[in-house]
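Residue 6 is where the sequence shown starts when you use our numbering, and the numbers rise one by one after that.
Ideal Cβ positions, reconstructed from N, Cα and C, are used throughout, including at glycine.
Notes to accompany the following structure.
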Amino acid sequence: MPPTIKDVAQKANVSIATVSLVINKNNRISHQTRKRVNNAIKELNYHPSHSARGLVSSKTRNIGFILTEDHFLRSEPFYTRIFIGTEFEARENEHYILLTTVPSVFSKNDSLPRFILERNVDGVIIAGKIPPELIDRLEKLKLPLAFVDYYPPGEKYPVVLIDNVSGGVIATQHLIDIGHRKIGFIAGDINHPSINDRFQAYKMALEKAGIKYNTSWFVIDEDYPARKNGYDAAKKLLKKNKDITAIFACNDAMAIGVMQFLKENNFKIPNDISLIGFDDVEADLSLDPPLTTIRVSKIEMGIEVMRLMTDILKNKSRTSKKVLVPVELIVRKSTAPLK
Numbered sequence: 006m007p008p009t010i011k012d013v014a015q016k017a018n019v020s021i022a023t024v025s026l027v028i029n030k031n032n033r034i035s036h037q038t039r040k041r042v043n044n045a046i047k048e049l050n051y052h053p054s055h056s057a058r059g060l061v062s063s064k065t066r067n068i069g070f071i072l073t074e075d076h077f078l079r080s081e082p083f084y085t086r087i088f089i090g091t092e093f094e095a096r097e098n099e100h101y102i103l104l105t106t107v108p109s110v111f112s113k114n115d116s117l118p119r120f121i122l123e124r125n126v127d128g129v130i131i132a133g134k135i136p137p138e139l140i141d142r143l144e145k146l147k148l149p150l151a152f153v154d155y156y157p158p159g160e161k162y163p164v165v166l167i168d169n170v171s172g173g174v175i176a177t178q179h180l181i182d183i184g185h186r187k188i189g190f191i192a193g194d195i196n197h198p199s200i201n202d203r204f205q206a207y208k209m210a211l212e213k214a215g216i217k218y219n220t221s222w223f224v225i226d227e228d229y230p231a232r233k234n235g236y237d238a239a240k241k242l243l244k245k246n247k248d249i250t251a252i253f254a255c256n257d258a259m260a261i262g263v264m265q266f267l268k269e270n271n272f273k274i275p276n277d278i279s280l281i282g283f284d285d286v287e288a289d290l291s292l293d294p295p296l297t298t299i300r301v302s303k304i305e306m307g308i309e310v311m312r313l314m315t316d317i318l319k320n321k322s323r324t325s326k327k328v329l330v331p332v333e334l335i336v337r338k339s340t341a342p343l344k
């Protein structure tokens, strides 16, 4: 059985609280006592647990990471990579990330995650859109919150976002630059700030190029932007607009669905219709043709939101800082000059 903090205290002939003070490098402990405790730690080969560190500081060094079940179950590894980014940064500061999911619809009768009820976290990172009722309940607990890939109304929280406006302009401008003028836009939940930003950017780029926006070029599916939604949206778009020459899908999952519909209906990509997505998920390279897209560094998003949380905990103050993660155009084989 591994040694405990109690074993160290007994060997050094001090209290458990004193051992915890030494572990946390507290200056209140004399040099002689500190040396005695450190010798006991070394002789017993004791490795301090986070609970031992927290005896004095009252901090768990745990950070909660919450996303909805819908986001967690998607096959596209978008939020998985954000989570990995938070893990990378957390290790640098000796924090631990506790992951949990919540329902997409949350009522006052639903239980909060256990690590919150037991106050076993110092703060909570929220990834993607979650129910406003849950945000309200977290707010009442006065836990530090940081958001990634979603910001709730009011903009009073620290948040890390993709530079969606820049990405939307770049994607649309790429299609314009290679000669396309009749460009469709396919989206999921337009009320999601990220999706809405991309849509507004699409319209801005058309307007700047002197292209009159046609409302029939825009098809939305109120559900989460997934492959099936992309398939259905492409069907609606091309039924109304047989002269569309390019499509901007609001994310790669929808773009993959669009590609499936186009192939099943004998459209050649990119000869008949050019297609661009947004996110740059791993599946893009295995598509035929490989998907042109806007690259987003999901891992960087995770790193940045963990940095925000670390700053909040260190400074013990709230902030509404917004970090925009830059994007990059990745040109592959699904877009080509208009013939």
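**Request:** Report back the beta-carbon spacing between S339 and L242 to the nearest angstrom; my notes put them in contact at under 8 Å.
**Result:** About 16 Å separates the two Cβ atoms, so there is no contact after all.
**Request:** Starting from the C-beta of N169, find all residues in its chain whose C-beta is less than 6 Å away, skip the five residues before and the five after it, and write them out in chain order.
**Result:** S199, D202, R203
**Prompt:** With a Cβ-Cβ cutoff of 8 Å, do V153 and M306 count as a contact?
**Reply:** yes
**Message:** Using 8 Å as the cut-off, can you tell me whether the segment 67–78 makes contact with the segment 96–105, which would need three or more C-beta pairs spanning the two stretches below that distance?
**Reply:** yes
**Message:** Only counting the same chain, and skipping five residues up and downstream in sequence, which positions put a Cβ closer than 6 Å to that of I167?
**Reply:** V301, V330
**Item:** Length-filtered (3 minimum) beta strand (DSSP E) runs lying within the segment 268–311
**Value:** 279–281, 298–301
**Asked** Using the beta-carbon count (16 or more within 10 Å), is P137 buried or exposed?
**Response** exposed
**Prompt:** Hey, does Y236 have any beta-carbon neighbour from chain B nearer than 8 Å?
**Reply:** Included in the structure is just one protein chain, with no chain B present.
**Item:** CB contact flag (I10, S20, <8 Å)
**Value:** no
**Prompt:** To the nearest angstrom, how far is it from the Cα of R232 to the Cα of D284?
**Reply:** 14 Å
**Request:** Enumerate, from N- to C-terminal direction, the unbroken beta strand (DSSP E) stretches of 3 or more residues contained entirely within the segment 100–163.
**Result:** 101–107, 128–132, 150–153
**Item:** Range of the contiguous alpha helix (DSSP H) that encloses T9
**Value:** Neither: T9 is in no alpha helix (DSSP H) and is coded neither H nor E.
**Item:** Counted within 10 angstroms of its Cβ, other Cβ atoms place E309 as buried (16 or more) or exposed
**Value:** buried
**Per DSSP, the bridge partner or partners of I71** = T105, I131
**Prompt:** Excluding the five sequence neighbours on either side, which residues of its own chain have a C-beta within less than 7 Å of the C-beta of G133, listed in chain order?
**Reply:** L72, T73, H76, Y84, D154, Y155
**Message:** Contact defined as beta carbons within less than 8 Å: I believe D237 pairs with D248. What is the distance between those atoms, to the nearest angstrom?
**Reply:** At roughly 20 Å, the Cβ-Cβ gap does not stay under 8 Å, so D237 and D248 are not in contact.
**Request:** Starting from G90, trace the alpha helix (DSSP H) both ways and give me its first and last residue.
**Result:** 83–97
**Request:** Report the option in K16, L180, D12, A192 whose CA atom is closest to the CA atom of A254.
**Result:** A192
**Item:** For G215, the three-state DSSP class (helix, strand or coil)
**Value:** coil
**Prompt:** On the three-state DSSP scale, how would you describe A341?
**Reply:** coil
**Request:** Compare the Cα-Cα distances from I274 to each of L292, N246, V27, V174 and report the closest residue.
**Result:** L292
**Asked** For the alpha helix (DSSP H) that A22 lies in, which residues bound it at each end?
**Response** 21–28
**Per-residue DSSP class, three states only, for K321** = coil
**Request:** Kindly confirm or deny that the segment 106–122 and the segment 316–330 touch, where touching means at least three C-beta pairs closer than 8 Å.
**Result:** no
**Prompt:** Count the other CB atoms within 10 Å of the CB of A22; is the residue buried (16 or more) or exposed (fewer)?
**Reply:** exposed
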